[in-house]
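Residue numbers (our numbering): 396 to 530.
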């Protein structure tokens with residue numbers, strides 16, 4: 396039986412653009428693009444996990460819309476990824492590359508220009524038709 400991996404992702408908005416992160420080499424899905432985030436640790440809520448991951452991975456603080464933006468379940472060869480995404484707004488810090496190759500701020504209609512990890516694609520599709528506002 397394949398393992399279940401519960402992860403959270405942040406749709407971080409600044410100046411009507413969305414933060415996109417390219418996964419680093421030597422990891423699953425290397426070089427594909429994703430919304431930053433990561434695995435939910437034991438005894439953590441999704442919101443707590445997301446805020447912790449963003450502090451660890453990108454050295455940033457966000458404010459977030461607590462309701463779920465999207466949920467995707469995707470079967471990879473290594474297991475099922477259950478991805479929950481939330482809309483966030485950059486509060487402090489500039490994203491720093493600790494695990495990612497690069498980051499880009501893109502308008503929703505520009506998201507198609509990147510090669511996304513499969514679990515992130517349904518969220519990308521939903522974002523492309525949205526009018527992104529400021530907080």
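Glycine included, every Cβ here is placed at the ideal spot set by N, Cα and C.
Hey, could you find the ends of the alpha helix (DSSP H) residue i is sitting in?
i, result
"residue 450", "441 to 453"
Mind checking which residues open and close the beta strand (DSSP E) that includes residue i?
i, result
"residue 456", "456 to 459"
"residue 522", "Unbroken run through residue 522 is the alpha helix (DSSP H), 516 to 523; no beta strand (DSSP E)."
"residue 418", "412 to 418"
"residue 470", "465 to 471"
"residue 423", "No beta strand (DSSP E) contains residue 423, which DSSP labels as neither H nor E."
"residue 479", "474 to 487"
"residue 511", "Taken as a continuous stretch (DSSP letters only), residue 511 belongs to no beta strand (DSSP E), as it is neither H nor E."
"residue 400", "399 to 409"
"residue 434", "432 to 434"
"residue 497", "495 to 501"
Go ahead and label residue i buried or exposed: buried means 16 or more other beta carbons lie within 10 angstroms of its beta carbon, across all protein chains shown.
i, result
"residue 407", "buried"
"residue 432", "buried"
"residue 404", "buried"
"residue 430", "buried"
"residue 423", "exposed"
Within its chain, find whatever has a CB closer than 7 Å to the CB of residue i; leave out the 5 residues flanking it on each side and keep chain order.
i, result
"residue 521", "465"
"residue 513", "469"
Assuming residue i contacts residue j (C-beta within less than 8 Å), just tell me the rounded distance between them.
i, j, result
"residue 367", "residue 496", "Outside the shown range of the chain, which is 396 to 530, sits residue 367, and nothing can be said about it."
"residue 452", "residue 479", "At roughly 17 Å, the Cβ-Cβ gap does not stay under 8 Å, so residue 452 and residue 479 are not in contact."
"residue 411", "residue 527", "5 Å"
"residue 446", "residue 491", "The Cβ separation is near 16 Å, so there is no contact."
Can you confirm whether residue i, when its beta carbon is compared against all beta carbons of chain B, has any partner nearer than 8 Å?
i, result
"residue 423", "The chain labelled as chain B is not found in the depicted structure, where only one protein chain is given."
For residue i, which residues from the same chain have a beta carbon less than 8 Å from its beta carbon, with the 5 sequence-adjacent residues on both sides left out?
i, result
"residue 460", "481, 482, 483"
"residue 500", "409, 410, 412, 413, 414, 415"
"residue 519", "506, 507, 511"
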